[in-house]
Amino acid sequence: MTESLHAGIFPGLDESHAVRFAEIALGHVTREYPNVITHTLNGPADARTPRDMHPIFFGSLDWHSCVHGHWLLARILRLYPDSAVAGRIRALFADSYTPEKVAGELAYFQRPNTGTFERPYGWAWYLLLAAELRRTGMGAVGVAWAAALAPLTAEIVGRLKDYLPKATYPVRTGLHINTAFALTLAMAYARRRGDEGLADLITHTARAWHGDDADAQVWEPSGTDFLSPVLTSAACMAAVLPRDEFRAWFARLLPGVAAGMPETLFIPATVSDRSDGTIAHLDGLNLSRAWCWRAIAAQLDPDDPATAQALAAAETHLADALPHLGGDYMGEHWLASFAVLAVDGV
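Its first residue numbered 129, the sequence shown is counted upward by one per residue in this note's numbering.
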């Protein structure tokens, strides 16, 4: 995975969409309530408010959604530093990424019984944010923000490096604990930061988990998915394998793609109630499938019929989901981040 995956596959964000997505994120990253807390109480003193526990990432219904809301805003600030929302993003980051607030976030991670807090989904999104702040185009201020976050970044990198060698099996699910999705985002961080040790560990782990996958049984979507178990594993392997090796691996995984099979992977999921927090996940499934199909297509031969099928599926899924990024907070607090993935990649 290089600095840019576009190569005609990811179309990239135009400014009008970027501003729209940023407006959505700015509306929730500092909204403390409602809030879903994953929190271990070690004693009565641990009954605390979200902002008290997480001085930076207290909004957006939950910690991980707030983190990837910040990533969305960083991506848009990098792409459009003079946009109508750029000043508000800079003000938010300047207020958020201070030594005191970072120390508060780090202190939460260092509490007893937090070893699995936000593992692996929140960790991976956080690392993608940390890498985004240092990308070309963010300038000195981005480097300064990333430097302020460095203690928390080191903590999460260390946790990931400790976790992967003992993770004997992948987690193949359409929810947050999906491991292939996390590896893909973490690989983008490792390569952009030049962390060869982490990149090698991710590659080794992905090969061990998915190297022998073939003739995948596709039992999806389920009623709460926002990730495709099969396509996220393929996107992960697209990120770690040399292109020729990936092409052979993918042909074994889903041999019917050139013929549009299995059909369920090409048809957007139906979302019956966008006010239901888990049914609303299915809009995210459609967006993440669009991202996966494009990441897969980027590694296939341009003349392979599977490439055209993958790109058509990406367009179909994106078109189905884009009109539904706002309107109800159950989707609004997170879907725009997945829309950015779908159109601009990691």
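Ideal Cβ positions, reconstructed from N, Cα and C, are used throughout, including at glycine.
Sequence-distant residues of the same chain with beta carbon closer than 7 Å to residue i, five excluded per side
i: Gly171; result: none
i: Pro162; result: Leu189
i: Ser400; result: Ile407
i: Thr168; result: Asn241, Thr242
i: Leu313; result: Ala252, Trp253, Leu255, Leu256, Val474
i: Ile284; result: Trp251, Tyr254, Leu255
Among the options, the one whose alpha carbon lies nearest that of residue i
i: Tyr225; options: Arg216, Ala367, Ala276; result: Ala276
i: Thr281; options: Leu205, Ala366, Val195; result: Val195
i: Asp404; options: Gly339, Gly455, Leu369, Phe374; result: Gly455
i: Thr333; options: Glu324, Lys294, Leu382; result: Lys294
i: Gly325; options: Phe221, Leu428, Arg375, Leu288; result: Leu288
i: Leu255; options: Glu151, Ala318, Gly384; result: Ala318
i: Cys420; options: His452, Glu443, Asp431, His409; result: Glu443
i: Glu373; options: His192, His338, Gly322, Phe186; result: His338
i: Ile152; options: Tyr457, Val474, Ala314; result: Tyr457
i: Thr392; options: Ala366, Ala367, Leu369, Ser356; result: Ser356
i: Glu246; options: Pro390, Thr264, Leu303, Pro209; result: Leu303
i: Tyr236; options: Tyr249, Gly197, Phe354, Pro279; result: Pro279
i: Arg203; options: Val157, Ala173, Arg263; result: Arg263
i: Ala258; options: Trp199, Leu207, Tyr291, Asp431; result: Trp199
i: Thr352; options: Ile305, Leu382, Asp432; result: Ile305
i: Arg335; options: Glu348, Lys229, Ala367; result: Ala367
i: Arg300; options: Gln437, Gly197, Val157, Pro349; result: Pro349
Between the CA atoms of residue j and residue i - distance to the nearest angstrom
i: Trp377; j: Leu329; result: 20 Å
i: Leu201; j: Arg380; result: 38 Å
i: Arg179; j: Trp253; result: 20 Å
i: Ala344; j: Val358; result: 7 Å
i: Gln238; j: Phe394; result: 43 Å
i: Ala175; j: His182; result: 13 Å
i: Ala441; j: Arg422; result: 9 Å
i: Val346; j: Pro298; result: 16 Å
i: Thr331; j: Ala418; result: 23 Å
i: Glu260; j: Gly286; result: 19 Å
i: Ala272; j: Ala231; result: 16 Å
i: Thr166; j: Thr177; result: 12 Å
i: His192; j: Ala327; result: 22 Å
i: Met266; j: Gly384; result: 42 Å
i: Ala92; j: Ala310; result: Residue 92 lies beyond the residue range present for the chain, which begins at 129 and ends at 474; the question has no answer from this structure.
i: Leu315; j: Ala214; result: It should be noted that the sequence gives Met, not Leu, for residue 315. So the alpha carbons of these two residues sit roughly 28 Å apart.
i: Arg321; j: Ile217; result: 23 Å
i: Ala387; j: Asp341; result: 20 Å
i: Ala397; j: Pro227; result: 43 Å
i: Ser211; j: Ala150; result: 10 Å
i: Gly459; j: Gly412; result: 8 Å
i: Ala447; j: Ala274; result: 34 Å
i: His409; j: His145; result: 21 Å
Own chain partners of residue i with C-beta closer than 6 Å, once the 5 adjacent residues on each side are dropped
i: Leu415; result: Ala449, Phe466, Ala467, Ala470
i: Ala308; result: Thr360, Ser361, Cys364
i: Asp142; result: none
i: Arg148; result: none
i: Arg159; result: Gly187
i: Phe185; result: Trp191, Cys194, Val195
Contacting residues, own chain, Cβ-Cβ under 8 Å from residue i (five flanking each side not counted)
i: Thr435; result: Ala425, Leu428, Asp429
i: Leu439; result: Ile137, Trp421, Arg422, Ala425
i: His452; result: Val399, Arg402, Asp411, Gly459, Leu463
i: Leu154; result: Leu201, Val213, Arg216, Ile217, Leu220
i: Arg371; result: Gln427
Test: residue i CB closer than 7 Å to a CB of chain B
i: Ala259; result: Considering every chain present, this structure includes no chain B. It has just one protein chain.
Residue i beta carbon near the ligand NAD (any heavy atom closer than 6 Å)
i: Leu201; result: Summarising the ligand content, the structure contains no ligands, and the ligand NAD is consequently not present.
At what residue ranges does the segment 298-371 contain a whole run of the alpha helix (DSSP H), taking only runs of 4 or more?
307-321, 324-338, 357-368
Ordered list of alpha helix (DSSP H) runs contained in the segment 220-273, each at least 4 residues:
227-237, 249-261
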